[in-house]
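Notes to accompany the following structure.
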DNA sequence: TCACGCGATATGTCATACCATCAGGCCGAT
DNA sequence: ATCGGCCTGATGGTATGACATATCGCGTGA
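Residue numbers (our numbering), protein chains in the order written: chain E, 39 to 283; chain U, 39 to 283.
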């Protein structure tokens, strides 16, 4: 009963704005807060699903949907078995890239588009990489080149190894944001390259250029690095699309 | 039953490598493929949960978990009610930025890191933007500046408007990949800027620089654009962190 | 000492039921 | 004839209970 016209209406701030969210979404938010506030650290294990049910006072279905969302967001991984459960992931740029790849593959975005964007980033990264690379970084780069050369002879060289080199190069900047950028590129890149089945022809030349890049970083020779990267990407561009426009 | 040693094992390629994934994950992948192949267009509505159960031959819980994942990935939104259901979203980096913000707050990624990465992208974008900007693009840029100046006087200028300008600038390249790059930056950027509550001081100068940027694009003066953008970002860098290092 | 197996614990999946929400049409009152 | 409320069907949201599967650790026997 009770007509809606009542004295208490004078306080418009009162009355619940109505619970509009899904319960599972509320749980997701709640856990996100715990993570953001540091109450939950990477590597920590959440209580089991059944226990979470009791704690939140909801059914297992609801808890599971919340966990799915968190898992899809890359915040945690779920392991089955005896001492399994939901473990907070150590935040890594890698996970971000995975999520990006989906959306990128959706957008009407050609391989040429991606390559062009990569052009910008890879060239832009060079000054910082050359400037900040530590001895350890240089060593790692050369190690990867050596490994690639071996794989080349054994016929096991693949796109992944090339991508790994470029990512490692970005890591020389010691800037996680830049690493993330590079990683998020190589998901879609690999996809579009695999589509055109053109990986093989460039292998030898590509590895050779990687070596020269490593050398340039070691010598802190920005000009040389830019040169090599330019031709390196140029050929990639010609392979993935007729032109980068 | 069935010792693993059996005559048929000679053909290792045969026999199912065993279904190792979650069923819900398989469904997710399957729908992603449909989307990527264009069988499902943005705006389309998936069959109802109950119908999907029958089609896939799984239970409703499983379908729902798959939908949660897809929803969390920003691929679709779900509406309840009579003509509700799962509708494909138009792919936009905007949604992505929201999801990224969570992870970025986790990653040991500072605002300074992001700003530095942005430095690379924004400067790298300029040559393409200057070269490819159409009259329409230029017009839009000036319109945004004018709007910003008005908002400035009214005191309603905010970060969003600044971000919108930079994104519009990236659109001048007419490369969706680059647009997405820029968009995915401004989500996290805004967050870290809001944290430090330092939005106000730069407003007037920032808008002024935006105008000069628009002017440079109109004149196709790459050098000028680079200059302005350099100082523009420099000041941003000083605001968000003591240093970009 | 090693290996096998069993059990405990966790997630993965299923089937069913019921509730909440929304759109549209039906129907009665004005 | 029009407006309002009510009913109904379609759909997502949640709860419950059960069984299947994966994994680790421990105990026991060879």
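Virtual Cβ for every residue (Gly too), placed ideally from N, Cα, C.
Neighbour list for residue 244 of chain E in chain U, Cβ cutoff strictly below 9 Å | Chain U residues near residue 244 of chain E: none, gap ~22 Å exceeds 9 Å.
Residue-level contact to chain U via CB, residue 201 of chain E, 9 Å cutoff | Nearest CB-CB separation between residue 201 of chain E and chain U: not below the 9 Å threshold.
If you draw a straight line from the alpha carbon of residue 52 of chain U to that of residue 65 of chain U, how long is it in whole angstroms?
-> Below a pLDDT of 50, predicted positions are generally treated as unreliable, and residue 52 of chain U, at 46, falls in that range; the measurement from the model is reported next regardless. Annotation: residue 52 of chain U to residue 65 of chain U spans about 24 Å, alpha carbon to alpha carbon.
7 Å CB neighbourhood of residue 182 of chain U in its chain, flanking five on each side removed | For residue 182 of chain U, where only same-chain residues beyond five positions count, the Cβ hits under 7 Å are 202, 203 and 206.
Output, in chain order, the set of chain E residues within a Cβ distance shorter than 9 Å of residue 154 of chain U.
-> Those are 166, 211, 213, 215 and 216, listed as they occur along chain E.
Span of the beta strand (DSSP E) holding residue 117 of chain U?
-> Residues 114-117.
List, in order along the chain, the chain E residues whose C-beta lies closer than 7 Å to that of residue 103 of chain U?
-> Under the 7 Å cutoff, chain E gives 102, 103 and 106.
Measure the CB-CB distance between residue 99 of chain E and residue 99 of chain U and report whether it falls below 9 Å.
-> The beta carbons of residue 99 of chain E and residue 99 of chain U sit closer together than 9 Å.
Listing by chain order, which chain E residues have their CB less than 8 Å from the CB of residue 61 of chain U?
-> Within chain E, not a single residue places a beta-carbon under 8 Å from that of residue 61 of chain U; the smallest gap is close to 13 Å.
Within its chain, find whatever has a CB closer than 7 Å to the CB of residue 88 of chain E; leave out the 5 residues flanking it on each side and keep chain order.
-> 98, listed in sequence order.
What does residue 99 of chain U touch in chain E if you count any residue whose Cβ is under 7 Å from its own?
-> The contacting residues are 99.
Three-state class that DSSP yields for residue 123 of chain U in the structure shown = Residue state, collapsed to three classes: strand.
Going along chain E in order, which residues have a C-beta closer than 9 Å to the C-beta of residue 159 of chain U?
-> Chain E residues near residue 159 of chain U: 155, 158, 159, 162 and 219.
By the 10 Å Cβ neighbour count, where 16 or more other Cβ atoms means buried, how is residue 254 of chain U classified, buried or exposed?
-> Taking all protein chains in view, the Cβ of residue 254 of chain U is crowded by 16 or more other Cβ atoms within 10 Å, so the residue is classified as buried.
Please list the partners that residue 110 of chain U has in chain E, where partner means a Cβ-to-Cβ separation under 7 Å.
-> Within chain E, the residues whose beta carbon sits less than 7 Å from that of residue 110 of chain U are 107, 110 and 111, listed in sequence order.
Three-state class that DSSP yields for residue 258 of chain E in the structure shown | If DSSP states are grouped into helix, strand and coil, residue 258 of chain E belongs with coil.
Hey, how far is the Cα of residue 85 of chain E from the Cα of residue 124 of chain E?
-> A direct Cα-Cα distance of roughly 8 Å separates residue 85 of chain E from residue 124 of chain E.
Residue interval of the alpha helix (DSSP H) (run including residue 200 of chain E) | 197-209 is the span of the alpha helix (DSSP H), which, as asked, contains residue 200 of chain E.
Please indicate yes or no: does the CB of residue 220 of chain E lie closer than 8 Å to some heavy atom of the ligand GDP?
-> Because no ligand of any kind appears in the structure shown, any question about the ligand GDP cannot be addressed here.
According to the Cβ coordinates, are residue 70 of chain E and residue 108 of chain E closer than 9 Å?
-> Yes, Cβ-Cβ distance for residue 70 of chain E and residue 108 of chain E is below 9 Å.
Could you tell me if residue 191 of chain E is buried or exposed, where buried requires 16 or more neighbouring beta carbons within 10 angstroms of its beta carbon?
-> With fewer than 16 Cβ atoms within 10 Å of its Cβ, residue 191 of chain E is classed as exposed.
What are the boundary residues of the alpha helix (DSSP H) that residue 156 of chain U is part of?
-> Residue 156 of chain U -> alpha helix (DSSP H) spans 149-170.
Do residue 251 of chain U and residue 224 of chain U have their C-beta atoms closer together than 9 Å?
-> No, Cβ-Cβ distance for residue 251 of chain U and residue 224 of chain U is not below 9 Å.
Within 10 angstroms of its Cβ, does residue 217 of chain U collect 16 or more other Cβ (buried), or is it exposed?
-> Note on residue 217 of chain U: 16 or more other CB atoms within 10 angstroms of its CB, so buried under the neighbour-count rule.
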